Amino acid sequence: MAYVSTSLRKDLKIDSIISIHYFEYRSDFSFEGESHDFWEFCCVDKGEVEVYAENVPITLHKGQIIFHKPNEFHKLNANGKSAPNLVVMAFQTSSPCMDFFRDKILDINETERNLLAQIIIEARRCFCTPLDDPYLQKLGRREPSPFASEQLISLYLEQMLLQMCRRYQEVQPSIPLQKSTKRTNDSEIYERIVTYLENNICTHVTIEEICHANLIGRSKLQKLFRDRNGCGVIYFFSKMKIDMAKQLIREHHLNFTQISEHLGYTSIHYFSRQFKKITGMNPSEYALSIKVLSEGKFSDD
18 MAYVSTSLRK
28 DLKIDSIISI
38 HYFEYRSDFS
48 FEGESHDFWE
58 FCCVDKGEVE
68 VYAENVPITL
78 HKGQIIFHKP
88 NEFHKLNANG
98 KSAPNLVVMA
108 FQTSSPCMDF
118 FRDKILDINE
128 TERNLLAQII
138 IEARRCFCTP
148 LDDPYLQKLG
158 RREPSPFASE
168 QLISLYLEQM
178 LLQMCRRYQE
188 VQPSIPLQKS
198 TKRTNDSEIY
208 ERIVTYLENN
218 ICTHVTIEEI
228 CHANLIGRSK
238 LQKLFRDRNG
248 CGVIYFFSKM
258 KIDMAKQLIR
268 EHHLNFTQIS
278 EHLGYTSIHY
288 FSRQFKKITG
298 MNPSEYALSI
308 KVLSEGKFSD
318 D
C-alpha cells in the first residue's frame, strides 16, 4: 500500500510584519492617530490607556488587547494618571478568520502573554531599529541575526491569534486532573509569591522572608523563578522595583529622591546603581529618553 501525504490546512497565515513596538509612555503621552490598510493590535502590559477606534473612546486596562481592522482610524492617549506600557504590532494577513477580531476587545491569558513576550525578545534580536519609536515606518534588519528569528516572530504571532480564536470560540476538552495538578499547583504558588512581592514592593524583603510568608522551601522557590524567568527571585523582585520606578518617573509626580524613598531604597545612590544595573541607564538618562519619546523628537535616520 502506497503512502499518501496530507497537506495540512493553514487557517491563518501572517504575510508580513509592518511594525513591532514596546512602549513605556509617560502619563501625558498623546498619539494623534492614523489609519492604514493592514491590521494592528494594541495590548496593555501595565497601567491603562484611552484608545479611540473611529473616534469612539475606549479605556483599555492591563491585560486587555484591542484589534484595529484595516482602514480603521485609531488614536490613543495616556490618561494623565497612569503611565502605560504597551505592545503594539501591525501586520498583513488575508486570512478570513481574522474577521473574528473585528471590533473586539479581549483579555489575554498567561500563554498569550508569554507569546507576546517571545515576539518582543525575537524582535530585539533580529531588528536594529528601536522598538520604542511610535513614528517608525520601517523595520531595519540586524545583520547577522540569530537563526530563524524572523520566522519565529511569525509563528508566535500566528499561534497567539489562533489560540485566542479557539479560546473564545470553542469549549476546549478538559485535561485529566491527575496530569495537570502539579502544573496548576506550581502556577498558583508562583502567582501567590508574585502577589506577595507586589504587595511589598515598597519594602526590603529577603529570601527567608519570602519563603516564610509563602510556606515554600528556598530551593523550590529559586527553581520556580529560574524556570519561569531565567533569574532568581531577588533579581526578579529588584526588576519589579525598577519597573515601578520607571512608571513613577513617567508619571512625573515624584522626584528621584522621593521615588527612592517610596520604594524602600536605603539611599538615592544605591537606587541609581540598581536602576543602571537593570536598565543600562541612570534615572536621569531614562527620564530624558522618555521626554524625547513623548515630544516625538526622533531623527529621520
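Be aware that the sequence shown starts at 18, since it is given in the working numbering, and climbs by one per residue.
Glycine residues also receive a C-beta, built at the ideal position from the N, C-alpha and C atoms.
Treat the numbers as computed from the prediction; the structure is a model and nothing was measured.
Is residue i buried or exposed, if buried means 16 or more other CB atoms sit within 10 Å of its CB?
i, result
"CYS219", "exposed"
"ILE138", "exposed"
"MET18", "exposed"
"LEU25", "exposed"
"LEU132", "buried"
"GLU208", "exposed"
"SER44", "buried"
"ALA95", "buried"
"HIS85", "buried"
"PRO163", "exposed"
"PRO113", "exposed"
"PRO161", "exposed"
"LEU93", "buried"
"ARG183", "exposed"
"SER277", "buried"
"LEU178", "buried"
"LEU232", "exposed"
"ARG235", "exposed"
"TYR2", "Limits of the chain in this structure are 18 at one end and 318 at the other, which puts residue 2 out of reach."
Roughly how far, in whole angstroms, is the beta-carbon of residue i from the beta-carbon of residue j, given that I think they are within contact range, below 8 Å?
i, j, result
"ILE37", "ALA134", "That pair is no contact at about 12 Å."
"LEU280", "ALA262", "6 Å"
"LYS256", "ILE295", "6 Å"
"PHE55", "PHE108", "6 Å"
"ILE136", "TYR173", "5 Å"
"ILE83", "ILE122", "5 Å"
"GLU129", "MET181", "6 Å"
"GLN176", "PHE117", "About 15 Å; that fails the 8 Å criterion."
"LEU241", "ASP203", "6 Å"
"ILE307", "ILE266", "7 Å"
"SER289", "ASN299", "5 Å"
"SER166", "CYS145", "12 Å between Cβ atoms; not a contact."
Note the first and the last residue of the continuous alpha helix (DSSP H) segment covering residue i.
i, result
"GLU160", "Here GLU160 belongs to no alpha helix (DSSP H), and DSSP marks it neither H nor E."
"HIS221", "Neither: HIS221 is in no alpha helix (DSSP H) and is coded neither H nor E."
"HIS7", "There is simply no residue 7 to check, as the chain begins at 18 and stops at 318 in what is shown."
"LEU271", "Note, LEU271: premise wrong, no alpha helix (DSSP H); not H, not E."
"GLU175", "166-186"
Per DSSP, what kind of secondary structure is residue i in: helix, strand or coil?
i, result
"ILE35", "strand"
"LEU103", "strand"
"TYR42", "coil"
"ILE206", "helix"
"LEU123", "strand"
"THR146", "coil"
"LYS86", "coil"
"CYS60", "strand"
"THR128", "helix"
"GLU71", "coil"
"LEU153", "coil"
"GLN189", "Residue confidence for GLN189 is low, a pLDDT of 45 falling below 50, so the modelled location carries little weight; the figure read from the coordinates is stated next. Here GLN189 sits in coil by DSSP."
"ASN231", "helix"
"VAL21", "coil"
"SER197", "At SER197 the pLDDT is 43, less than 50, meaning the model places this residue with poor confidence; the figure from the coordinates comes in the next sentence. Reduced to three states, the DSSP call for SER197 is helix."
"THR110", "coil"
"LEU214", "helix"
"LEU77", "strand"
State the start and end residues of the unbroken beta strand (DSSP E) segment that holds residue i.
i, result
"SER47", "47-51"
"LEU29", "It is not in any beta strand (DSSP E) - LEU29 carries neither H nor E in the DSSP assignment."
"ASN94", "91-94"
Against chain D, does residue i count as a neighbour if the rule is that its beta carbon must be under 8 Å from one of theirs?
i, result
"TYR303", "Chain labels in this structure do not include chain D; a single protein chain is all it has."
Using 8 Å as the cut-off, can you tell me whether the stretch 99-109 makes contact with the stretch 55-70, which would need three or more C-beta pairs spanning the two stretches below that distance? They touch, by the three-pair rule.
Are the stretch 272-280 and the stretch 247-254 in contact at 8 Å, needing three or more beta carbon pairs? In this structure the stretch 272-280 does not lie against the stretch 247-254, because fewer than three pairs of beta carbons, one per stretch, are closer than 8 Å.
Below 8 Å, how does it come out for the stretch 68-75 and the stretch 88-95: are there three or more Cβ pairs, yes or no? Counting Cβ pairs under 8 Å, three or more are found: they touch.
Report yes or no: do the stretch 149-159 and the stretch 35-55 share at least 3 C-beta pairs separated by less than 8 Å? Three or more Cβ pairs closer than 8 Å define a contact, and the stretch 149-159 meets that threshold against the stretch 35-55.
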